[in-house]
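Asks: Please see the structure below; I have some questions.
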Ligand code: UDP
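Numbering (my numbering), first residue to last: 42 to 278.
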């Protein structure tokens, strides 16, 4: 079966990278992810990864007690940088050619995010990992993921979460929770029970018709099968 998507944006939250830990980064989880990404890179898929930083800092949560929101968001962006640097090394150690591009000025530690540079790396078959989200406060890496997917002409945004799709209520609390195979952007934005991506990210995806797939990257070959176009998780379009 051929791949359904030529270029994808994979959003990995801090929670996904923390793996078995409550915070920080789980190198075993990152190495496992590298191997799953390798499988699709070998098949010719171009991969952009937007990393979150919630395993270290979420700006909205730590702002206060004297820490300004802007500063808190800067700290959050630095958290994404720590993840991006670590997983770039782990991906390369796993045999996946990878480059880390930063949306915040950090020349000593990463190449700057420049549109043409990102294009060049992708065309050469390298995975591009973006640090610092979009580089501005009051935003999350979900919004940054959709924006970057649009900028780099990705076919789809794949967001890995801790459940295997979008449900009508929390499946960890309600046994009768039902999974949606597909959802419209409108449904996803309007339903208060659905909080799989922040509204800004969802709004941008809706306005620009960027499809989103919410799935759980917990088993071998799930990523490959999603990229092949198998109906796994929930597609929002
Ligand atoms: N952040 C920001 N601008 C961006 C991306 C991220 O200010 O473009 C900050 C924000 O404080 C956010 C934190 O970085 O809470 C970590 O990102 P996020 O919460 O999206 O991480 P995730 O929940 O995906 O792990």
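Glycine included, every Cβ here is placed at the ideal spot set by N, Cα and C.
DSSP on residue 113, reduced to helix/strand/coil?
Replies: helix
Asks: Which whole runs of the beta strand (DSSP E) in the segment 59-102 are 3 residues long or more, in chain order?
Replies: Taking 3 residues as the minimum length, the beta strand (DSSP E) runs contained wholly in the segment 59-102 are 87-92, in order along the chain.
Asks: Between residue 108 and ligand 1, is there a pair consisting of the residue's CB and a ligand heavy atom that are separated by less than 7 Å?
Replies: no
Asks: Nearest-angstrom Cα distance between residue 189 and residue 206?
Replies: 22 Å
Asks: Could you check what DSSP says for residue 128 in three-state terms: helix, strand or coil?
Replies: helix
Asks: Taking 8 Å as the cut-off, does the segment 90-97 touch the segment 148-158 (at least 3 CB pairs, one atom from each stretch)?
Replies: no
Asks: Short of 8 Å in beta carbon distance, which residues of its chain neighbour residue 197, apart from the five on each side in sequence? Order them along the chain.
Replies: 46, 49, 50, 190, 251, 252, 253, 254
Asks: Hey, how far is the Cα of residue 109 from the Cα of residue 117?
Replies: 12 Å
Asks: Does the segment 230-247 come close enough to the segment 167-187 to have 3 or more Cβ pairs within less than 8 Å?
Replies: yes
Asks: Where do the N-terminal and C-terminal ends of the beta strand (DSSP E) with residue 275 fall, by residue?
Replies: 275-277
Asks: Looking at the secondary structure, which residues open and close the beta strand (DSSP E) in which residue 52 lies?
Replies: 48-53
Asks: Do the CB positions of residue 201 and residue 119 come within less than 8 Å of each other?
Replies: no
Asks: So, with DSSP's three-state summary, where would you put residue 148?
Replies: coil
Asks: Could you pull out every residue in the same chain whose Cβ sits closer than 6 Å to the Cβ of residue 220, ignoring the five residues on either side in sequence?
Replies: 206, 208
Asks: Starting from the C-beta of residue 176, find all residues in its chain whose C-beta is less than 6 Å away, skip the five residues before and the five after it, and write them out in chain order.
Replies: 144, 145
Asks: Which one of 235, 261, 66 has the shortest CA to CA distance from residue 124?
Replies: 66
Asks: Under the assumption that residue 139 contacts residue 168 (Cβ atoms under 8 Å), give the Cβ distance between them as a whole number of angstroms.
Replies: With a Cβ gap of about 4 Å, residue 139 and residue 168 count as contacting.
Asks: Expressed to the nearest angstrom, what Euclidean distance is found between the alpha-carbon atoms of residue 151 and residue 193?
Replies: 19 Å
Asks: What residue range does the beta strand (DSSP E) around residue 199 cover?
Replies: 197-201
Asks: Spatial neighbours of residue 262 within its chain, please: C-beta separation below 8 Å, excluding the five flanking residues on both sides.
Replies: 77, 80
Asks: For residue 142, which three-state DSSP category applies?
Replies: Look at residue 142 here: in three-state DSSP terms it is strand.
Asks: Hey, could you find the ends of the alpha helix (DSSP H) residue 187 is sitting in?
Replies: 182-192
Asks: Any idea if residue 114 is buried or exposed, counting beta-carbon neighbours within 10 angstroms, 16 or more meaning buried?
Replies: buried
Asks: When you compare only the Cα positions, how much space is there between residue 225 and residue 149?
Replies: 43 Å
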